[in-house]
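Here is the structure we will look at, set down as C-alpha cells.
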Amino acid sequence: MSQPTQNQSTGNNIPISLSNGLSETMLITAVKRNDLAQVEALIRQGADVNTPDMFGWTPLHHAARRVNESIAFFLLRSGANIEARNAFLQTPLIVAATRVNSFEMVQYLLECGANIAAQDSQGNCINDYLTEEEMVCCRNR
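Shown next, in the form of C-alpha cells:
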C-alpha cells in the first residue's frame, strides 16, 4: 500500500490537508499543540511541511514561535524551508528572535543555516530583537 499524499487520507479517513477556518493544516495544528508524535505521524503519511496558513506561517514558523526545537529539528530534517517568509516577510529565525526565552531556538536555526541578515517587511532583523550579548554569541557561532 502506498503512502497517502496531501489529497489522500490517513488511516482514520481524515484528509491530511484538512484545515480549520485559518487555513491551518492538521500539521500546523499538531505543531501548535507541541505534539511531536502527531507531527511525525502526519509527515510519514505525506503531509507537506511547507504548506502555510492564511498568514503565510509554515509549520516551522509555528515551531519557532513556540520555541520547540524538537519539532523544528524534525521539520527541517523532513525538508522544511528554513527561509520561508510569512505575510510580514518574517522567516522562522525572525519569529524566534521576537519570542522571550528563545535564544536557544535562534542559535539552533542559525546552526541549521538560517540567514542572520534576513529582514522582515519593516526592515527589522534579529539584532532588532535580541540583546547585544545574544548578538555577540550569534556572530561567534
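All you need for the working numbering is the position in the sequence shown, starting with 1, plus 2. Glycine included, every Cβ here is placed at the ideal spot set by N, Cα and C.
Straight-line gap, residue i to residue j (C-alpha atoms, nearest Å)
i      : j     : result
Val41  : Arg79 : 12 Å
Asn129 : Ala49 : 34 Å
Gly58  : Arg87 : 7 Å
Under 7 Å between C-beta atoms of residue i and residue j
i      : j      : result
Val69  : Arg46  : no
Ala116 : Leu132 : no
Ile30  : Pro61  : yes
Ile73  : Ala66  : no
Thr93  : Ala120 : yes
Under the three-state DSSP convention, the category residue i falls into
i      : result
Cys140 : helix
Val102 : coil
Leu132 : coil
Thr12  : Confidence at Thr12 is low in this model, with a pLDDT of 43, below 50, so the placement of that residue should be treated as unreliable; the coordinate-derived value is given next. The answer is coil: DSSP assigns Thr12 none of H, G, I, E or B.
Ile118 : coil
Gln109 : helix
- Item | 4-residue-minimum alpha helix (DSSP H) runs that sit fully inside the region 16-92, ordered along the chain | Those alpha helix (DSSP H) runs which fall completely within the region 16-92 and span 4+ residues are 28-34, 38-46, 61-67, 71-79.
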